[in-house]
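Contents: one structure, followed by commentary.
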Amino acid sequence: MRIELHFGDITEFNTDCIVNAANSSLLGGGGVDGAIHKKVGKLLKEYCAKLNGCLTGEAKLTLGFNLKANFIIHTVGTRISFNNVEPTFEDCENLKQSYQSCLEIASKEKFNEIVFPNISKGVYGFPIDLASKISLRTIFKFLEKNEYPKKVIFCCFNIENLESYINEIKENYE
Numbered sequence: 008m009r010i011e012l013h014f015g016d017i018t019e020f021n022t023d024c025i026v027n028a029a030n031s032s033l034l035g036g037g038g039v040d041g042a043i044h045k046k047v048g049k050l051l052k053e054y055c056a057k058l059n060g061c062l063t064g065e066a067k068l069t070l071g072f073n074l075k076a077n078f079i080i081h082t083v084g085t086r087i088s089f090n091n092v093e094p095t096f097e098d099c100e101n102l103k104q105s106y107q108s109c110l111e112i113a114s115k116e117k118f119n120e121i122v123f124p125n126i127s128k129g130v131y132g133f134p135i136d137l138a139s140k141i142s143l144r145t146i147f148k149f150l151e152k153n154e155y156p157k158k159v160i161f162c163c164f165n166i167e168n169l170e171s172y173i174n175e176i177k178e179n180y181e
């Protein structure tokens with residue numbers, strides 16, 4: 008199978024590429040973004056400062072520097088937590104585009120493996136089950152038509168996100 012679920016710390020993966028659920032400045036923040044920047048240190052921040060930020064749904068590639076991963080794809084997910092409303096169609100499309108942009112880079116670079124965090128599911132406030140549905144649907148569709156990446160891994164830092172992916176796979180992909 009080309010999709011795997013993993014419970015743990017994304018910064019510990021020895022792989023082609025991990026994805027950073029970044030903020031638009033690309034200069035570090037909380038959650039996954041903060042953990043990656045903390046682990047890498049100032050080299051990543053200095054490099055990202057030259058990238059002029061990133062819009063929601065876009066993705067930008069950097070080296071992995073001193074991580075076990077060779078590269079980092081930084082993407083900005085949909086932020087809805089401050090609106091305190093249900094995600095709109097546009098919010099869903101932007102989240103889908105975040106995954107799509109990362110997959111396109113992975114395909115272009117011929118990465119065998121890419122590891123995703125839970126984009127937009129934390130402080131950005133996207134409902135966990137809906138985000139799992141969007142991400143899996145986007146990835147399955149992409150993998151049907153593309154040779155690379157050979158494998159996609161979802162790295163979950165908490166059980167709630169892991170269970171959400173498991174439930175979505177059971178309901179729609181078995």
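Residue numbers (this note's numbering): 8 to 181.
Virtual Cβ for every residue (Gly too), placed ideally from N, Cα, C.
The structure presented is a predicted model; accordingly, all values stated were derived computationally and were not measured.
> Using a Cβ-Cβ cut-off of 6 angstroms (strictly less than) and excluding sequence neighbours within five positions of C109, which residues of its own chain qualify?
Replying inline: On the sequence shown, position 102 is the one that residue 109 refers to. V26, A66, I80, T82.
> Which residue from Q104, N77, P94 puts its Cα closest to that of K119?
Replying inline: As a working mapping, residue 119 is identified with position 112 in the sequence shown. The question names Lys, but residue 119 is Asn in the sequence shown. N119 has its Cα closest to that of N77, out of Q104, N77, P94.
> How about K158: is its Cβ closer than 7 angstroms to a heavy atom in the ligand FMN?
Replying inline: Of the ligands one can find in the structure shown there are none, so the ligand FMN has no counterpart to examine.
> If L12 and F161 are in contact, beta carbons under 8 angstroms, what's the gap, nearest whole angstrom?
Replying inline: Translated into the one-based positions of the sequence shown, residue 12 becomes position 5. Translated into the one-based positions of the sequence shown, residue 161 becomes position 154. Right, their Cβ atoms sit about 5 angstroms apart.
> Can you pull the DSSP bridge partners for H13?
Replying inline: By one-based count along the sequence shown, residue 13 stands at place 6. Beta-bridge pairing links H13 to C162.
> Does the count of Cβ pairs from the region 170 to 180 and the region 134 to 153 closer than 8 angstroms reach three?
Replying inline: When C-beta atoms of the region 170 to 180 are compared with those of the region 134 to 153, three or more pairs fall below 8 angstroms, so the two segments count as touching.
> Should T95 be labelled buried (16 or more other beta-carbon atoms within 10 Å of its own) or exposed?
Replying inline: Indexing the sequence shown from 1 puts residue 95 at position 88. It is exposed - the Cβ of T95 has fewer than 16 other Cβ atoms within 10 Å.
>> Just to confirm before moving on: does the CB-CB distance between V159 and I17 stay below 8 angstroms?
In response: Reading the sequence shown from its first residue, position 152 is the one you call residue 159. Reading the sequence shown from its first residue, position 10 is the one you call residue 17. Not in contact: V159 and I17 (Cβ atoms no closer than 8 angstroms).
> Which same chain residues, not among the five before or five after K52, have their C-beta less than 8 angstroms away from its C-beta?
Replying inline: Here residue 52 corresponds to residue number 45 of the sequence shown, with the count starting at 1. Cβ neighbours of K52 beyond the five flanking positions: L34, G35, H44.
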